[in-house]
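Chemist: Take this structure first; my questions come after.
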Amino acid sequence: MDIAVVDDEKAIREHICGLVEERQPESRIEAYATGGELLASGKRFDIVFLDIQMEGMNGIETARGLREKQADTVLVFVTGIEDYVFDAFDLYAFQYLLKPIDEDKFAEVLARAVREAAKKKERRVLFIKSRNLTLDQSEILYIESRAKKVEIHTAGAAQAIEIYAAMDELEGQLGENFYRCHRAYIVNMDCITEYDGESITLTNGDRVYLTKKKYGEFFLVVSFQALLDISRYAAVILLNAADGWAPDIIDWCAAKRMFASEESFGIAVKAGVAGTQFIQYASIALLLYFSLRKIVRDFREKDYFISRTELMFILAPSAVGMMICMLLRIIMVTLEDGVPKMLYDRYPILVIVIPAILLLSLLSILYGVKLFQDMICWNREMSGRIVLENQISSLQEHMEEMERIYSGIRGMKHDMKNTLAVIQRLSAGEGGGELQEYLSELNKGLEKLEVRFRTGNTVVDTLLNMKYHEAVRDMPDLRIDADRLLLPQGIQIHSYDIGIILGNAVDNAIEACRKLKAKEPGTDAFIRISSLQKGNLLILKVENSFDGRVMRKLRNEFPMTDKVDRENHGIGLINIKSTAEKYQGTMDFKVNGRVFILSVMMKNEKEEK
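Here it is in structure tokens:
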């Protein structure tokens with residue numbers, strides 16, 4: 077393992093080198109006094125410990141130069157001022173250390189950095205067993221699943237590489253630079269040029285679609301055809317029933333000798349036929365126009381992604397209308413003694429019944445659309461009420477957490493005089509060795525008031541601390557790791573929305589760990605929260621242990637719940653998805669053995685109105 081230490085203070089530089097050599101004696105270590113010396117060396121390093129505050133080129137500028145040449149290097153920033161931590165976020169820092177360096181913390185960070193660097197070394201190539209070849213991951217643009225085959229699209233290649241492989245297997249080999257934005261697509265984050273709520277555009281111009289179903293267009297096409305058929309048959313049947321009016325009028329005019337010649341009579345007949353056809357076409361056009369106008373006016377939720385069940389609900393009236401028109405096309409004309417006759421000539425009542433059926437079918441289409449749109453609004457309002465109830469519940473928990481902290485502060489303030497008096501006596505020699513024990517107990521009390529999580533966002537820090545204390549009441553050995561969750565101070569995504577995503581995700585993770593501990597009390601339970609930023613894309617990832625059982629129905633987007641409250645099943649994941657979509661984002665989840673992984677990708681831009 078090649079490791080570099082960059083710090084302009086010689087004592088600190090030598091101290092870090094000594095700590096690395098002590099814990100990684102087989103590694104090659106090089107020290108530099110400035111960032112310029114590191115960049116000028118041109119050497120590749122697996123891990124770089126980089127001081128932020130240096131004379132000349134500071135650590136941030138050095139990291140930018142290093143990232144241009146060595147994108148896979150694991151960067152660990154060292155700083156004496158905590159404010160600099162979040163300036164380094166855009167440079168994908170693996171971790172940061174505060175001066176003076178805590179040796180235990182350093183050992184933990186170094187061990188994790190070594191594991192991360194080893195993973196990156198392993199993942200720089202993609203091994204394809206079926207074709208007995210390897211690919212440089214940096215050349216891969218995206219991977220697409222087609223039936224049983226997988227196509228790997230690479231930079232500069234005219235054709236994709238076709239292999240037989242599982243997407244889950246390939247995703248496991250690829251590193252964090254690759255994101256599965258759809259069940260059928262894995263994209264290289266470094267090759268993304270544009271991104272919106274529907275698709276991702278890559279450097280070669282190809283578009284990869286996000287995991288969203290747009291059945292609305294299909295419904296509109298079928299509805300248009302059904303309305304056209306219904307309008308045509310209703311108008312034609314009604315007007316054909318009155319078709320004898322034009323000949324009767326022409327015959328009456330002829331009897332009154334209103335036509336000067338046979339030529340004028342022929343013109344009148346042609347005008348009568350043309351007038352009848354015009355009225356028919358005008359009636360069809362008007363009926364179709366007003367029907368489509370009502371659908372367009374009522375179809376307000378154009379960006380709503382319709383599920384298959386919902387599609388069947390709104391498609392059924394249109395399908396029935398088309399079947400009725402097809403039936404009429406078959407039975408409308410009958411033969412009697414070899415002479416074609418219209419069905420309603422034989423059964424006159426059908427002149428009223430058939431148009432009535434057609435108009436009822438048309439109304440069922442129009443009001444089915446309106447009912448469906450109203451249901452979307454009602455469901456959104458219901459979800460909003462549930463979200464509000466959850467927010468009130470979270471606010472109560474937050475108040476309890478603040479009360480716990482402030483109660484501890486008040487208690488310590490109240491006892492401060494007695495505490496100082498005891499320390500004074502013990503330090504005077506009255507207590508012997510009891511002073512250290514007393515101070516240790518005092519320190520434990522202070523630790524209870526310490527904020528465990530520091531992400532750079534006050535709302536997220538408070539939320540995670542609240543969830544942590546809530547979880548450890550039932551599961552004292554639960555591990556919640558958020559060291560790799562860093563949010564920059566200038567983030568465009570509203571803290572409230574990040575709180576909704578993480579709050580719901582952590583709630584689900586805690587519930588899964590609680591069920592795991594109930595079934596297997598001795599099992600290790602953990603929750604890992606991390607973030608990754610590529611350009612203006614922010615990815616939040618929550619991983620947690622669970623019992624390995626995922627129940628899903630065939631057409632359900634989210635896993636089934638085994639909670640008692642099934643009515644509000646899936647509301648947490650729905651809230652996460654709807655919040656991500658506000659920032660043109662998406663959500664995905666996968667299972668890796670007994671680890672559940674939830675990923676949320678969003679644009680780091682202000683919410684779309």
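FYI, in the numbering used here the residues of the sequence shown are 77 to 685.
We put the CB at the ideal spot given by N, CA and C, even for glycine.
Alpha carbon to alpha carbon, what distance is there between Thr385 and Arg631?
Modeler: Low local confidence applies: a pLDDT of 49 at Arg631 is under 50, so the model's placement there is unreliable, with the coordinate-based value given in what follows. If you take the alpha carbons of Arg631 and Thr385, they lie about 8 Å apart.
Chemist: Label Ala311 either buried or exposed according to how many other C-beta atoms from any shown protein chain fall within 10 Å of its C-beta, with 16 as the threshold for buried.
Modeler: It is buried - the Cβ of Ala311 has at least 16 other Cβ atoms within 10 Å.
Chemist: Taking one C-beta from the stretch 112-126 and one from the stretch 138-148 each time, how about it: are there three or more such pairs within less than 8 Å?
Modeler: Output reads yes: the stretch 138-148 touches the stretch 112-126.
Chemist: Tell me the DSSP secondary structure of Ala107 in three-state form.
Modeler: Three-state DSSP puts Ala107 in a strand.
Chemist: Which first and last residues belong to the alpha helix (DSSP H) in which His570 is found?
Modeler: Taken as a continuous stretch (DSSP letters only), His570 belongs to no alpha helix (DSSP H), as it is neither H nor E.
Chemist: Does the stretch 350-366 come close enough to the stretch 418-431 that 3 or more CB-CB pairs lie under 8 Å?
Modeler: Not touching, per the Cβ criterion.
Chemist: Start and end of the beta strand (DSSP E) containing Cys257?
Modeler: Phe254 to His258 is the extent of the beta strand (DSSP E) around Cys257.
Chemist: Should Ala302 and Ile390 be called a contact, given that it needs their Cβ atoms to be closer than 8 Å?
Modeler: No, Cβ-Cβ distance for Ala302 and Ile390 is not below 8 Å.
Chemist: Could you please give the first and the last residue of the uninterrupted beta strand (DSSP E) stretch that includes Ala80?
Modeler: Per DSSP, Ala80 belongs to the beta strand (DSSP E) from Asp78 to Val82.
Chemist: Roughly how many angstroms lie between the CA atoms of Glu215 and Leu250, to the nearest whole one?
Modeler: Answer to the nearest angstrom: the Cα atoms are 12 Å apart.
Chemist: Would you report the Cα separation of Arg560 and Ala231, rounded to the nearest angstrom?
Modeler: Rounded to whole angstroms, Arg560 to Ala231 spans 31 Å at the Cα level.
Chemist: Can you list, in chain order, the residues of its chain with a C-beta nearer than 8 Å to that of Glu247? Leave out the 5 residues immediately preceding and following it.
Modeler: If we look at Glu247 and ignore the five residues flanking it on each side, its Cβ neighbours are Phe254, Arg256, Ile262 and Lys666.
Chemist: How about Cys401 and Tyr309: do their beta carbons lie closer than 8 Å?
Modeler: Contact flag set, yes.
Chemist: DSSP has Thr662 in a bridge; who is on the other side?
Modeler: Paired residues: Met677.
Chemist: Between which two residues does the beta strand (DSSP E) harbouring Leu142 extend?
Modeler: Run containing Leu142: none in the beta strand (DSSP E); it sits in the alpha helix (DSSP H), Gly135 to Lys145.
Chemist: For Leu364 and Ser337, I'd like the C-alpha separation in whole angstroms.
Modeler: When rounded, the distance between both Cα atoms is 41 Å.
Chemist: I'd like the list of long-range same chain contacts for Thr279, defined as Cβ closer than 6 Å, with 5 residues on each side in sequence excluded.
Modeler: Closer than 6 Å at Cβ, skipping near neighbours: Cys267 and Thr269.
Chemist: Sort out for me which residues DSSP pairs Asp127 with in a bridge.
Modeler: Answer is Val154, bridged to Asp127.
Chemist: Is Gln171 helix, strand or coil by DSSP?
Modeler: Strand.
Chemist: Near Val124, what residues of its chain come up, given a Cβ to Cβ distance below 6 Å and the 5 sequence neighbours on each side ignored?
Modeler: Answer for Val124: Ala80, Thr149 and Leu151, listed in chain order.
Chemist: DSSP three-state label for Lys86, please.
Modeler: Note: Lys86 maps to helix in three-state DSSP.
Chemist: Considering only DSSP beta bridges, list what Glu218 is partnered with.
Modeler: Correcting the residue type first, residue 218 is Tyr in the shown sequence and not Glu. In DSSP, Tyr218 forms a bridge with His229 and Val263.
Chemist: Does the beta-carbon of Thr155 have 16 or more other beta-carbons within 10 angstroms, so that it is buried, or is it exposed?
Modeler: With 16 or more Cβ atoms within 10 Å of its Cβ, Thr155 is classed as buried.
Chemist: For Val535, which residues in the same chain have their Cβ closer than 6 Å to its Cβ, ignoring the five residues on either side in sequence?
Modeler: So the qualifying residues of the chain are Ser571 and Gly575.
Chemist: Taking only beta-carbon atoms, is Asp664 less than 8 Å away from chain E?
Modeler: Reference to chain E is not applicable here, since this structure consists of a single protein chain.
Chemist: Going by beta-carbon coordinates alone, are Met82 and Thr138 separated by less than 8 Å?
Modeler: For clarity, residue 82 is Val in the given sequence; the question names Met instead. Contact: yes.
Chemist: Whole angstroms are fine: how far does the CA of Ser607 sit from the CA of Gly669?
Modeler: For Gly669 and Ser607, the distance between alpha carbons rounds to 22 Å.
Chemist: May I ask you to list the residues that DSSP assigns as paired with Thr655?
Modeler: Answer is none; Thr655 lacks a bridge partner.
Chemist: Using three-state DSSP, classify Gly281 as helix, strand or coil.
Modeler: Gly281: coil per DSSP, three-state reduction.
Chemist: Let me confirm a value: Asp305 is counted as buried when at least 16 other C-beta atoms fall within 10 Å, else exposed. Which label applies?
Modeler: Classification of Asp305: buried, given that the 10 Å Cβ count is 16 or more.
Chemist: Does the separation of the CB atoms of Ala656 and Val618 fall below 8 Å?
Modeler: No, the pair does not count as a contact, with Cβ atoms beyond the cut-off.
Chemist: CA-CA distance, Ser299 and Ser394?
Modeler: Cα to Cα, Ser299 sits roughly 5 Å from Ser394.
Chemist: Quick one: is Met388 buried, meaning 16 or more other Cβ sit within 10 Å of its Cβ, or exposed?
Modeler: Exposed, since its Cβ has fewer than 16 Cβ neighbours within 10 Å.
Chemist: Report the CB separation of Gly237 from Glu245 in whole angstroms; it is logged as a contact under 8 Å.
Modeler: First, the residue type needs correcting, since residue 237 is Ile and not Gly in the sequence shown. About 15 Å; that fails the 8 Å criterion.
Chemist: Is it right to say Gln235 is buried, meaning 16 or more other beta carbons lie within 10 angstroms of its own, or is it exposed?
Modeler: The residue is exposed, with fewer than 16 neighbouring Cβ atoms inside 10 Å.
Chemist: Give a yes or no on whether the C-beta atoms belonging to Lys593 and Thr599 are separated by under 8 Å.
Modeler: Taking 8 Å as the Cβ cut-off, Lys593 and Thr599 qualify as a contacting pair.
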